Amino acid sequence: MAAILHYDDVTPADWEWYTYHPSRTGESEKYVVSLYKYKRQVPLDGTTYFYNDTDYHKDHPIRSLSDIPSELEPHHQFIWWLLQTFEK
182 MAAILHYDDV TPADWEWYTY HPSRTGESEK YVVSLYKYKR QVPLDGTTYF YNDTDYHKDH
242 PIRSLSDIPS ELEPHHQFIW WLLQTFEK
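Following my numbering, the numbering of the sequence shown begins with 182 at its first residue and continues without gaps.
Now the structure itself:
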């Protein structure tokens, strides 16, 4: 949850350039926090994919802000919920 504590430090690049790598501890949480913080900047035209993964998420591009939480991994859904609940 360190990513939430560093909410003010995340940038759009944290979601735009995110790629999964097992040794990057905390990067996926940072991705979710940045995606939440800059959700109004996410293109909803089908060119942006969850976790920037065109292989696994190729059938689920981001097309609606309201659909984002349900497409996230469960622990990332919780982070999203916390951010919404505490109105970050």
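Cβ atoms here follow ideal geometry from the backbone N, Cα and C, with glycine treated the same way.
Predicted, not measured: the structure shown is a model, and the values here were computed from it.
(message) What does the Cβ neighbour count give for Lys211, buried or exposed, with the cut at 16 atoms within 10 Å?
(response) buried
(request) Sort Thr200, Ile260, His256 and Ala184 by Cα distance to Phe231 and report the nearest one. (result) Residue Thr200 holds the alpha-carbon nearest to the alpha-carbon of Phe231 among Thr200, Ile260, His256 and Ala184.
(message) Need the endpoints of the alpha helix (DSSP H) that Trp262 sits in, please.
(response) Pro255 to Thr266
(request) Starting from Pro242, follow its DSSP beta bridges and name the residues at the other end. (result) Tyr230
(request) Have a look at Glu254 and Val213 and give me their C-alpha separation to the nearest angstrom. (result) The alpha-carbon atoms of Glu254 and Val213 are separated by roughly 10 Å.
(message) On the CB-based measure, 16 or more other CB atoms within 10 Å of its CB, does Leu264 come out buried or exposed?
(response) Counting Cβ neighbours within 10 Å, Leu264 comes out buried, since at least 16 surround it.
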